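Some notes on the structure that comes next.
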Amino acid sequence: MLGLVEGLATNWRHHLRQLLAPHACTLDMYLEAERQMCEGIACILPRRQELVFNAFAHSELDDTCVVILGEPYAVQGWAHGLAYSVPAAAAASASSDSQPAALHAILSELAAEYGTLRTSTDLTDWARQGVLLLNTSLTSRESCCSQASHHAAWEPFVDNVLRYISGCVPSVVFMLWGKAARAKAHLIDGDGGQHLVLQAPHPVRAHEFAGCNHFAMANNWLVSRARRPVRWV
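According to our numbering, the sequence shown is numbered sequentially starting from 1.
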């Protein structure tokens, strides 16, 4: 794991060394056991190991303005280390009804808030603007019915990342959608107005997620804190 972190071009590399070090050996052993167990049956996603820490590859820690907490896809081609994001090539090769329901709901909410349809399913442009698209687990087992299959192994590290951002970066919006994400609210120091914590049902429950207005709320709050708004669409 530490070797993958060293490949990052952003200053997250230095911070992740510290955050990952207590868990690196445990994660390495767990994932190696998973690979052996799944050999010939399934693979560990993302397939390209350099994408495991893709969420940290596109902007510096100090530029983090929004954190969106999601769960990893268990579909090869979709998983590329960014929460809710699907590479454009994978989206183009799939029919609309086979694309992730959660992502469809997010794009629908954006259209409702801004009156503009975002056509790209690849959210890398958000990541480049300081939106940390962090999954609760940075890996998953392909085709596993439970997206939380690697959750326990990654949880201590992900929790450390959330605490670290909360303590080190001022004026961050945390979007916590669904039960697993909302359970992390206690890790964020939002009571004093230092950060904005937005909670909603998971986007896969589209009728409950619709109308949350989180993207506009986030930008309004960022501007009020003299931070640059995100170009969502």
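From the three backbone atoms N, C-alpha and C, an ideal C-beta is built for every residue, glycine too.
The model shown is predicted, which means the values in this text are computed figures rather than measured ones.
*asked:* I want to know whether the segment 134-143 touches the segment 34-52 - three or more CB-CB distances under 8 Å.
replied: yes
*Should residue 136 go down as buried or exposed, given a rule of 16 or more other Cβ atoms within 10 Å for buried?*
buried
_Straight-line Cα distance separating residue 32 from residue 215_ = 38 Å
*Report the residue from 125, 80, 71 and 153 whose alpha carbon sits nearest the alpha carbon of residue 29.*
153
*Using a Cβ-Cβ cut-off of 7 Å (strictly less than) and excluding sequence neighbours within five positions of residue 19, which residues of its own chain qualify?*
157, 160, 161 and 164
*Mapping DSSP to helix, strand and coil, what is residue 53?*
coil
*Where does residue 223 fall in DSSP's three states?*
helix
*Would you call the CB atoms of residue 77 and residue 55 closer than 8 Å?*
no
*asked:* Can you give me the C-alpha to C-alpha distance between residue 298 and residue 197, rounded to a whole angstrom?
replied: It is not possible to answer for residue 298, since the shown part of the chain is limited to 1 through 233.
*Where does residue 78 sit, in a helix, a strand or coil, going by DSSP?*
coil
_Whole angstroms are fine: how far does the CA of residue 175 sit from the CA of residue 10?_
23 Å
*Taking residue 19 as part of the alpha helix (DSSP H), name the residues at either end of that continuous run.*
12-20
*Just the C-alpha distance for residue 231 and residue 127, rounded to the nearest angstrom, thanks.*
11 Å
_residue 166 and residue 227 - do their beta-carbons sit closer together than 8 Å?_
no
_Among 83, 113, 89 and 59, whose alpha-carbon lies nearest the alpha-carbon of residue 249?_
The structure shown has nothing for residue 249, since the chain only spans 1 to 233.
*Can residue 56 be considered in contact with the ligand NAP, in the sense that its beta carbon sits closer than 7 Å to one or more heavy atoms?*
You won't find the ligand NAP in this model; it holds no ligand whatsoever.
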